[in-house]
Amino acid sequence: MRILLTISLWLFASGAFALDAATVNKLGFGDGDEKIAAIAALVAEGDPAAAALLQAATDGELQTAGKLVLIVKGEEAVNAATGAKVTPLPEEREDVILNNRVRRELGGAMAALKLISPDRATRLAAAKELTGNADQAMLPLIKKALASETDAGVKQLLELTQATLELKTGTKESRIAAVRTLGLSTNPNTKMLLLGILEKSKEGGYAEPDEDIRIEAQKSLKALEGRLAWGERAGVLFTSVSLGSILLLAALGLAITYGLMGVINMAHGELIMVGAYTTYVVQNLFKRTDFFDWYLLAAVPASFIAAAAVGMALERLVIRWLYGRPLETLLATWGISLMLIQTVRTIFGAQNVQVENPAFMSGGMELLTGVVMPWSRIVIICFAGAVLVGMWLLLTKTRLGLFVRAVTQNRPMASCVGVPTARVDTWAFGLGSGIAGLAGCALSQIGNVGPDLGQSYIVDSFMVVVLGGVGQLAGTVYAALGLGFANKLLEAWQGAVLAKIAVLVFIIFFIQKRPQGMFALRGRALDA
Amino acid sequence: MKRRMFVKQLALSAAVAAIGLGSTALYAQAKTIKVGVLHSLSGTMAISETVLKDVTLMAIEEINAKGGVLGMKLEPVVVDPASNWPLFAEKARQLLTQDKVAVTFGCWTSVSRKSVLPVFEELNGLLFYPVQYEGEELSKNVFYTGAAPNQQAIPAVEYLMSKEGGAAKRWVLLGTDYVYPRTTNKILRAFLKSKGVADKDIDEKYTPFGHSDYQTIVADVKKFAAGGKTAVVSTINGDSNVPFYKELGNQGLKATDVPVVAFSVGEEELRGVDTKPLVGHLAAWNYFMSQKNPTNDAWKKQWAAYAKKMKLAGADKPLTNDPMEAAWIGIHMWKQAVEKAKTTDVDKVIAAMAGQTFKAPSGITSKMDEKNHHLHKAVYIGEVQANGQFNVVWQTKGPVKAEPWSPFIAGNDKKKGEPDGKTIITK
Amino acid sequence: MTGGISRRLYGPRGWAILALFCVAVFGVMPVLNLAVPADSPFHVSAYWVTLLGKIMCYAIVAVAMDLVWGYAGILSLGHGLFFALGGYSFGMYLMRQIGSDGQYRQPMPDFMVFLDWKEFPWQWWNSDSFWWCAMLVIVVPGLLAYVFGYFAFRSRVKGVYLSIITQALTFAAMLLFFRNATGFGGNNGFTDFRRILDIPIATPQTRMALFAITGATLIGTLLLARWLTTSRFGRVLAAIRDAEQRVMFCGYDTVHYKLFVWTLSAVICGVAGALYVPQVGIINPGEMSPANSIEIAIWVAVGGRGTLIGPLIGAGLVNGAKSYFTQAFPEYWLFALGLIFILVTLFLPQGVMGFLGKKK
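Residue numbers (my numbering), protein chains in the order written: chain R, 22 to 549; chain F, 132 to 558; chain Z, 857 to 1216.
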């Protein structure tokens, strides 16, 4: 890593020169090796313009036009070498292509440059970047940065990097100290370093001849492994809850239409799809505006309304005539689902459509190094909770909820005391469908949006509702979370395919044991 | 019980109708050449196959506009096998015996090809198969215009092993659990071993069809990558790619740390993904839409115009991809072969196909191998860009000859590179 | 049959239709297919033979489904599994019959050569014997159905719960069969069959023989089902469907009745699957997908539950429509099919047979 040596040189250098045109051209037109050499040279030039150029390269703003290398920002371009404005913007431009290797070097160079930034967040990010990309040549640089570093978080990361680098060189004392520092790490990469010390060579001796260091390494390894194991457990917990929340969202609507109303709604998956496509349409409407990041605020109600409208129309036109013939609703709704799929395919095409995450939902929260909880999943977990609470409130605290429960429990009696059962059916079906739409809106954030979206959730949704016990919201919640956990624990142990099979077999056995699901409605009738 | 009477009539009329339909083909002898298009337009594979139908129809339209073949117009017969494998066989038989098509363009999945293969062999039909596949097959009645494993998978892994590609030492082979990923990974494992990679440095993982929860997998990849420079080779199929890539992006697994190279992800598949977090991940193909050459520019323009004219879904953002290019090459080569043979007779066309060349949108002149029914193809490695396109970062020196029988599978050294029923001419 | 359950097998008219059907299957079709020259307008091509053969297989499944759903009130959403298991059992034999004619020219089936397996896994024991595989066709679906049914009916799982766990069963089996390691060819399944009993499979004669056997099986199934449902057993079944509690209180052990008809239905499905595979030339785990099993229920519903001729017509209509629409309107056929399902449910609650019955 020549660049890093030169970076450290540059730190002491002063004065600004115009950028060397040959170097800039190398960055613009050269192959991988030449580009890397150019990056090194640019850092060595010690010019803020060089830093700006590297930043532009990182951001993908570097373009070439003929023999010129340009930094293009929006509609404005400057000559990368001279800094002069280029007007008008040349028509024929090509992006400067960086491959992963160049991009990595560039990242390292930028991080090293940023270590002396006055902004703490920048330094922290740079230090983080360096923990994975440490190189012997960086050592003096890191030491210097450490000397002036005041922030504890950045300092810890830098010390860790330093320890990683000093592990192989230095005195016995400094190496033992390094091994001890590594024990405080949360980075899984560190484990390999420590294991490397403890490794036995082929001749029977140890790779590390010094026993004291080995003992320290053993201690550090134990501490590290303990921490990593907790991180892993936290990761499994999170993934399980996340999967559970998705299953819950997908099944909640069905819990109403199927669980409470007894309609075997095979088009449930397609209502989810309607919600997802509504999200797509809303997103497209927002694309031309400045409020793109907030499109979900509009998409949530829109997907609810769209799916609810489709659901209510279905209820009025088809399902209404089939109450009391539950198994036949299966047939009709299957037909509906075929038609909905083909409608969407005709309108939007057979291919998937793109639903972008808003900026605040991209990326994730890093619990430990390597254990990331994506924001999109955190949001969905919260969203599922909110939908659940909302539904619970609706069913228990409102008049409509009272009616729905009344009709569920005893339709003729409810009708006798003046509940407009027909209208309640329509509204309840609309509610269930609307919640399916909400599920679609959420799923669009983590999965694909295509005509077959619903098909992949319908079987799972039915499993959840049946396992939980028909007509029981609490059961649905427990079943969804339970299946989430079972799936994820088994997957970690036996792989995804067998996990799925095992969960299905478990459901079969469970239903044999408790033929009414986890939470059976208690009643005197032998027939449910 | 009049009902029975009715049933009888129904049965009778059905029988009459059957006979009638069976014989219509005889009288429908017009001055056109019928061409079968056998791609799923509904069901799970519609997402990929629909565009192949469209590009085939575009090619037919173009050929007809230029006067057709042998002075006759081509007449496309489009059927929908609905992603249902027995239906593929039934439709193939229908195309060959009822519609009497001269050639069929179709299939995507291996199982669909395997399903129709006996039909084409029995009836001596002609099938052009435009998708990359696992090899291990050669039929006299099929021309494979997609890539064999050595025209896609192996060059990609070689690239990742090189200094420029990041010098990966550990490998995660990740796929959907079916034949193409299993075969490809088997070949790759043997290849990696021949390059000195130890078994402990290879991790093979499979997910079920339609898997949508990649949290655990991505976390495992991260854990594995802690043990050294790692690359992921993904043969994840179809719909599962979107959740996989979204999870990759959200979990912050960057291409500079752990590059993922995919063999089933092209421009069309990325249509549904926000590619900004994925910049730098790779795909290996024999064609990328971003390639700059006059043939490709013209082709893309033609496709955009066609999509707009036919009001195809996605016409606002017309995309081309590798299987579309392969389908395009296939139909044009067939046309050239028919013109050379001066007949649509299957055996004569097969003979005329040997050594056909066609200027492909990828910029090379694609050649049909004289013997093994596969195209010679140049291999390109592309990195995902923020705009959903790929940038070619590496390519083979020239076209690579296909090895349908991978030398990395035991026993294949004895196979001859030519379907049965033809004489072997040694070079 | 609206006016009570008939005691006799068929009336004279019923026998006449059956005889006509026999003539069509065993007389007209073979003559038109084999004896009439291919260029004659009366020639029936191989396409029609395989298509009608396939539909007859589906019809057998539909009749079997009707036995459990229409007569015993058990809606199974997993009958595709039994069908596929029968297909796979017989497919093993067909795979062995390929001999060394596969892509690899080796005695093992291609996918095993490819997986580097030197020996047949245990599931394949004796699979080169026709009779062994023919036995498996009956035993495997039957045994699975018996065990599954025994536990399910004993714990009184019923209604939608039963439907959903049958769906779970077929879904789990599908995932299992997709795995290469399961030993049944993974996603590609079995295909490229060459011979059956050492007779080449792709000849008009073999095809016609398979067609005739399928027709005979269909007739046999119909007669068996008719005999069952008109017997005392059938009346108990109908009683279970209508009021299981009362039947139990009358002292009948409903579990045994349900279990018997359930297992029988699975076996019939297995046989249909075994006939299906050599005719369509492929079996893969896709046959076990939940959607396929739902479709079986739909054939029965379209034709008319609780009649035996109904499912037959339903299977014919739906599959005929599918074959026709996918060719005539490849882009829009799902609309037509979906609409048929909705209209039939709304306006023909008893299926096509109910409609025909009303028109007298």
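The beta-carbon is built from N, C-alpha and C at its ideal position, and this holds for glycine as well. Bear in mind the structure is a predicted one, so any value in this text is a computation, not a measurement.
Quick test of your reading: residue i and residue j, contact by CB under 8 Å. State the CB separation rounded to the nearest angstrom.
i: E229/R; j: I236/R; result: That pair is no contact at about 10 Å.
i: K532/F; j: H507/F; result: 5 Å
i: A495/R; j: V485/R; result: At roughly 13 Å, the Cβ-Cβ gap does not stay under 8 Å, so A495/R and V485/R are not in contact.
i: L3/R; j: L1199/Z; result: The requested residue 3/R does not occur in the structure, where chain R is confined to residues 22 to 549.
i: H935/Z; j: I1152/Z; result: 5 Å
i: V373/F; j: V404/F; result: 6 Å
i: L373/R; j: I178/F; result: It should be pointed out that residue 373/R corresponds to Asn in this sequence rather than to Leu. The Cβ separation is near 6 Å, so the contact holds.
i: I293/R; j: A460/R; result: 5 Å
Would you say residue i lies against chain Z (beta-carbon separation less than 8 Å)?
i: G356/R; result: yes
i: S365/F; result: no
i: Y345/F; result: no
i: A220/F; result: yes
i: I540/F; result: yes
i: I368/R; result: no
i: V480/R; result: yes
i: I234/R; result: no
So is residue i in contact with chain R if we call contact Cβ pairs under 8 Å?
i: V995/Z; result: no
i: T1201/Z; result: yes
i: P1205/Z; result: yes
i: S1011/Z; result: yes
If I measure Cβ to Cβ from residue i and keep anything under 8 Å in the same chain, skipping five residues before and after, which residues do I get?
i: Q962/Z; result: S956, V969
i: Q515/R; result: A523
Considering only their Cβ atoms, is the gap separating residue j from residue i smaller than 8 Å?
i: G503/R; j: A328/R; result: no
i: L63/R; j: A102/R; result: no
i: T350/R; j: I285/R; result: yes
i: W216/F; j: V242/F; result: yes
i: G942/Z; j: V993/Z; result: yes
i: F578/R; j: G489/R; result: No answer is possible for residue 578/R: the residues shown for chain R start at 22 and end at 549.
i: N424/F; j: D453/F; result: no
i: A297/R; j: L464/R; result: yes
In chain order, what residues of the same chain have a beta carbon less than 6 Å from the beta carbon of residue i, not counting five sequence neighbours either side?
i: F539/F; result: I318, A321, F322
i: L157/F; result: Unreliable placement is indicated for L157/F, whose pLDDT of 40 sits below 50; the coordinate value is still reported in the next sentence. No residues qualify anywhere along the chain.
i: D966/Z; result: G958, Q959, Y960
i: T314/F; result: E265
For chain F, find out if any of its Cβ atoms is closer than 8 Å to the Cβ of residue i; answer yes or no.
i: R1161/Z; result: no
i: I941/Z; result: The sequence as given places Leu at residue 941/Z; Ile does not occur at that position. It does not; no Cβ of chain F falls within 8 Å.
i: A1058/Z; result: yes
i: N286/R; result: no
i: D957/Z; result: no
i: W1189/Z; result: yes
Which residues in the same chain as residue i place their Cβ atom closer than 7 Å to its Cβ, once the five residues preceding and following it in sequence are excluded?
i: K240/R; result: G204
i: A276/R; result: V486, L494, T497
i: P550/F; result: L269, S270, K271, H504
i: G174/R; result: L145
Contacting positions in the segment 513-526 of chain R - beta carbon closer than 9 Å to chain Z: Correct list: V518, L519, K521, I522, A523, V524, L525, V526.
Against chain R: residues of the segment 1137-1151 of chain Z by CB proximity under 9 Å: P1146, A1147, I1150, E1151
Selection of the segment 370-381 of chain F by Cβ proximity to chain R, strictly under 9 Å: Cβ contacts with chain R: D370, S371, N372, V373, P374, K377, E378, G380, N381.
Residues from the segment 1038-1051 of chain Z in contact with chain F, defined by Cβ distance under 9 Å: G1041, G1042, N1043, N1044, G1045, T1047, D1048, F1049, R1050
Residues from the segment 899-912 of chain Z in contact with chain F, defined by Cβ distance under 9 Å: H899, V900, S901, A902, Y903, W904, T906, L907, L908, K910
Contact residues within the segment 247-271 of chain R, judged by C-beta distance below 7 Å to chain C: The question asks about chain C, but that chain is absent: this structure's protein chains are R, F and Z.
Interfacial residues, the segment 976-1009 of chain Z to chain R, with Cβ spacing under 9 Å: F1004, F1007, A1008
Against chain R: residues of the segment 401-424 of chain F by CB proximity under 7 Å: R402, G403, V404, D405, P408, G411
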